[in-house]
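Under the working numbering, the first residue of the sequence shown is numbered 3, with each subsequent residue one higher.
In this text, a Cβ means the ideal position worked out from N, Cα and C, and glycines have one as well.
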Amino acid sequence: MIVCLIVRTSEHQMDLHFRLCYRLSMLLSDNGVLTSCRFKEHEIRSEWRLILQQEANGALGLLRENSVDDGSVLHMICNETDVTQLFCVNGQFDIPLPLPHCSNPPKPQVEETHDFYCPYKAYCVGFKFSCNNNNYFVTAYRTCFDHERMRTVYTANKAYPHVRGRPDKLLFNPDEIFTMNFFTAYNKRDIYARFRELLGAQQPFMSYNEQERRIDRGHLVPVADFMTNNMMSATFKLINVIPQFHSINDGNWNVLEEWARNPVNTPAKVCNGALSDVLELPNSSNEYVEIYLMNRMIPIPLWTYKVVFNARNVRTVFLQYNNIHDTNAPNVPKDNCILVPCPLNLKNSNFYGYTVCCEEQHFMKKNLPNLENYC
Numbered sequence: 003m004i005v006c007l008i009v010r011t012s013e014h015q016m017d018l019h020f021r022l023c024y025r026l027s028m029l030l031s032d033n034g035v036l037t038s039c040r041f042k043e044h045e046i047r048s049e050w051r052l053i054l055q056q057e058a059n060g061a062l063g064l065l066r067e068n069s070v071d072d073g074s075v076l077h078m079i080c081n082e083t084d085v086t087q088l089f090c091v092n093g094q095f096d097i098p099l100p101l102p103h104c105s106n107p108p109k110p111q112v113e114e115t116h117d118f119y120c121p122y123k124a125y126c127v128g129f130k131f132s133c134n135n136n137n138y139f140v141t142a143y144r145t146c147f148d149h150e151r152m153r154t155v156y157t158a159n160k161a162y163p164h165v166r167g168r169p170d171k172l173l174f175n176p177d178e179i180f181t182m183n184f185f186t187a188y189n190k191r192d193i194y195a196r197f198r199e200l201l202g203a204q205q206p207f208m209s210y211n212e213q214e215r216r217i218d219r220g221h222l223v224p225v226a227d228f229m230t231n232n233m234m235s236a237t238f239k240l241i242n243v244i245p246q247f248h249s250i251n252d253g254n255w256n257v258l259e260e261w262a263r264n265p266v267n268t269p270a271k272v273c274n275g276a277l278s279d280v281l282e283l284p285n286s287s288n289e290y291v292e293i294y295l296m297n298r299m300i301p302i303p304l305w306t307y308k309v310v311f312n313a314r315n316v317r318t319v320f321l322q323y324n325n326i327h328d329t330n331a332p333n334v335p336k337d338n339c340i341l342v343p344c345p346l347n348l349k350n351s352n353f354y355g356y357t358v359c360c361e362e363q364h365f366m367k368k369n370l371p372n373l374e375n376y377c
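Structure follows, in structure tokens:
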């Protein structure tokens, strides 16, 4: 195993020397069985450092699983002058955990990228840090964004087994893309006012203090795909969100998320997104109106999808109907989806998200060309 070494240069300072590498043999327990180190929940519950691990290609990447092989070296980064090197030796980490509080950890950032296919504008969401006067960026997930309509077209990430629940204080906030005027369009009472504006004051689809039929900020890349607080926080970007009915978000969509990160499938490459069709509801004159949360921006998508390319190189495509107000089974758009059997049972209900499965080669060619390497 090739790992890069972090060298302690003084009592209070540690520098990253990514070019100084050495070879570690895998360490075995006394009975010759390969051992590993596992983070306990209380050891990372309040941890906001970046935890980096060397990947197969030699680059440092975000730690995605709570177990690492003996001989592994982890780099826990609070800031440029506060970096801790953690060795796994004989099934134990060599430093007591949890570490002291990190007061100024790296925060998730959005960077434009050109190495990810997107017919609009592509971004990486991740973390930037500096060591030895060099700047580094590690990616949590990628996204394709349509600025004209302020909609996320699709995202790409890797799913790993669920490790722990998210901390309570994670919230969405305005950012450089979703500035305050766009950010507030997702507020529940702003959505209620928008429904009245589009459909009439007596519209029956949403009440003033709606709970059951409300519109969520529906995560595309799920928070539960990540194990540490800072990685979870990276998913709380509106560039990772679609307007999604709450009962669907908590219903079949959640079932699909859990299925994707089942250990049987992981690590899985996952793409999440929405087709271009927009939800339409009847106004007071019984004319159907497309529902945008703000002018002709932030559309409520009619169809969402999840593509899962699992560890066995099997691709599964789920297509889901995002309209709880339709009392009939939807007409699946045949141009986008050739129906095939699904590998799991889902509630056959519009309220929970009517879901079908699509023939994967046709779906990818039609909807996600050039993304085979990502899902």
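Selection from the options that minimises the alpha carbon distance to residue i
| i | options | result |
| --- | --- | --- |
| N350 | W255, E289, N372 | W255 |
| C146 | L88, P121, Y210 | P121 |
| N111 | D170, N297, S105, K130 | The identity of residue 111 in the sequence shown is Gln, whereas the question assumes Asn. Checked all of D170, N297, S105, K130; the closest Cα to Q111 is K130. |
| Q363 | C377, N352, G355, Y356 | C377 |
| V70 | L99, R40, Q87 | R40 |
| V280 | Y323, E113, V85, Y125 | Y323 |
| D252 | R216, T230, R51, D177 | R216 |
| S209 | A270, D170, N136, R191 | R191 |
| L54 | M233, T329, K271 | M233 |
| V243 | P206, E199, F185 | F185 |
| T86 | T329, N92, N330, L99 | L99 |
| E57 | V75, D227, L346, W50 | V75 |
| E260 | V316, P345, P163, P176 | P163 |
| M366 | R298, P345, I340, C344 | I340 |
| W50 | N297, K109, N288, T329 | K109 |
| D148 | R298, L52, S132, E212 | R298 |
| T329 | K42, F207, S132 | F207 |
Same chain, Cβ closer than 6 Å to residue i, neighbours up to 5 away in sequence not counted
| i | result |
| --- | --- |
| F238 | L172, F174 |
| S286 | G202 |
| S31 | With a pLDDT of only 44 at S31, under the threshold of 50, the placement of this residue in the model should not be trusted, and no figure is reported. |
| V342 | C359, E361 |
| E113 | C126 |
| L258 | K308, F320 |
| I179 | I241 |
| E67 | Y162 |
| N81 | N106 |
| P265 | P163 |
| C90 | C39, V70, D72, S74 |
| C1 | Missing from the structure shown is residue 1; the chain here goes from 3 to 377 and no further. |
| Y290 | E282, P284 |
Bridge partner(s) assigned by DSSP for residue i
| i | result |
| --- | --- |
| H248 | Paired residues: none, contrary to the question. |
| E114 | Y125 |
| Y143 | V127 |
| G220 | I244 |
| R153 | D148 |
| K271 | K160, F311 |
| T357 | Q322 |
| Y344 | According to the sequence displayed, residue 344 carries Cys and not Tyr. According to DSSP, C344 bridges with nothing at all. |
Contact under 8 Å by Cβ, residue i with residue j
| i | j | result |
| --- | --- | --- |
| L222 | T318 | no |
| T157 | N274 | yes |
| R263 | A161 | yes |
| T230 | I46 | yes |
| V225 | R144 | no |
| M152 | I300 | yes |
| L200 | P245 | no |
| N92 | D72 | yes |
| L283 | H248 | no |
| Y194 | R219 | no |
| Q204 | F197 | no |
| H44 | L62 | no |
Contacts around residue i, its chain only, beta-carbon distance under 8 Å, and the 5 residues preceding and following it disregarded
| i | result |
| --- | --- |
| W305 | A276, L277, D279, L321, Q322, Y323, N324, P335, N338 |
| H103 | S48 |
| P332 | Y323, N325, N352, Y356 |
| H14 | Per-residue confidence for H14 stands at a pLDDT of 32, beneath the threshold of 50, marking its modelled position as unreliable; the derived number appears in the next sentence. The residues are T83. |
| H116 | A124 |
| E214 | H248, S249 |
| L370 | Y156, C273, G275, V309, C377 |
Anticipated Cβ contact below 8 Å, residue i with residue j, distance rounded
| i | j | result |
| --- | --- | --- |
| V165 | L64 | Not confirmed; about 13 Å, so no contact. |
| N267 | V310 | 6 Å |
| A236 | A142 | 4 Å |
| N95 | L88 | The residue asked about is misnamed: residue 95 is Phe in this sequence, not Asn. Rounded, the Cβ-Cβ distance is 6 Å, consistent with contact. |
Residue-level contact to chain B via CB, residue i, 8 Å cutoff
| i | result |
| --- | --- |
| Q111 | The structure shown contains no chain B; it is built from a single protein chain. |
7 Å CB neighbourhood of residue i in its chain, flanking five on each side removed
| i | result |
| --- | --- |
| Y119 | N372, L373 |
| N375 | none |
| G34 | In this predicted model, G34 has a pLDDT of only 47, less than 50, meaning its place in the structure is not dependable; the value taken from the coordinates is given anyway. There are no such residues. |
| Y354 | S249, I250, G253, N254 |
| D227 | N159, A161, Y162, R263 |
| T181 | none |
| N137 | K130 |
| P176 | M182, F185 |
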